[in-house]
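Down below is the structure, laid out as structure tokens.
In our numbering, the protein residues as written are 89 to 378.
Following this line, the structure appears as structure tokens:
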């Protein structure tokens, strides 16, 4: 059986890092929102002995056992999704979401594999059961299984629906360099103090009002505190704001930056100015349901 699913990127409209836990993870408060930029994941099963094969059109991607798509299939099998006789699985990843970018590309691929295998197995797991498997694979995977707009707490496993973005155009750009997520959290821990910042509640209220101007005052990403002022990340933010973005923000732990625009023409101008060789640039839109 073969199933092809989109694996959507996410952006963080709000992200604050809370305390470091005993297990080494950090609690967070965030608003994550799906956008139309996506990978395409094709999962094919056939009678076999549970072998897992991953391939991709990206030469930069490790398609071995460390790949989250591979790990998703392995975890699904281990959880008993096909009983004691799992099929052989071939997974093909058509990549469009850049890696090491704070856009949850790997987590979204992982979630798409879990969703596909659950369909093929006749829905062996409930939504909650699939969430439990996803949580074991990565902090962003539970959100990627649901998508849309959600507040996210804990290490990413505590999800609540949030209002979607109003109609808007989104430009995403990624500098040539990536950022290590673990390194970013370590730098947050090393900050001597954190300046006052907006609350999650204020950002949620602005979303509910559907007011980009109000949301611009609450949009926040704590990881921007560890970025050098001369970084291309702040250059991208400046260009987006000059082109009329309601607001621009780094996504996740970086290094991607996104701008939210009320006018499609302003978004197109920003994309044109950013497409100068220093950035990978994508134009997309909010996705309220996957």
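By construction, the Cβ of each residue, glycine as well, lies at the ideal position given by its N, Cα and C atoms.
Note: residue 132 is bridge-paired with 90, 178 in the DSSP secondary-structure output. Following the DSSP letters along the chain, one finds residue 327 inside the alpha helix (DSSP H) bounded by residues 320-330. When the alpha-carbon of residue 105 is set against those of 89, 268, 277, the nearest one is in 277. By DSSP's assignment, residue 310 forms no beta bridge with any residue. Here residue 108 carries a strand assignment [DSSP, helix/strand/coil].
DSSP assignment within the stretch 186-271 yields the following whole beta strand (DSSP E) runs of 3 residues or more, N-terminal first: 237-242, 246-249, 257-263. Assignment of residue 305 by DSSP, reduced to helix, strand and coil, places it in the helix class.
Taking C-beta separations shorter than 7 angstroms and ignoring five residues to either side along the sequence, the partners of residue 230 in its chain run 219, 222, 223, 244, 245, 247, following chain order.
Residue 372 has 258 as its beta-bridge partners, per DSSP. A check of alpha carbon separations from residue 287 across 97, 96, 112, 118 identifies 118 as the nearest.
When C-alpha distances from residue 374 are compared across 121, 314, 93, the shortest belongs to 121. The three-state secondary structure of residue 351, taken from DSSP, is coil. Linking residue 302 to residue 290 through their CA atoms gives a straight-line distance of about 9 angstroms.
With respect to the C-alpha of residue 129, the residue from 292, 370, 156, 200 having the closest C-alpha is 200.
Rounded to the nearest angstrom, the Cβ distance from residue 252 to residue 376 is 4 angstroms, consistent with a contact under 8 angstroms. Between residue 342 and the set 206, 215, 349, 322, the nearest pair of CA atoms involves 322.
Looking from the CA of residue 125, the closest CA among 298, 262, 172 belongs to 262. If you check the CB distance, residue 150 and residue 182 do not come in under 9 angstroms. Secondary structure at residue 140: strand, using DSSP grouped into helix, strand and coil.
Residue 91 is positioned such that its CB atom lies no closer than 9 angstroms to that of residue 260.
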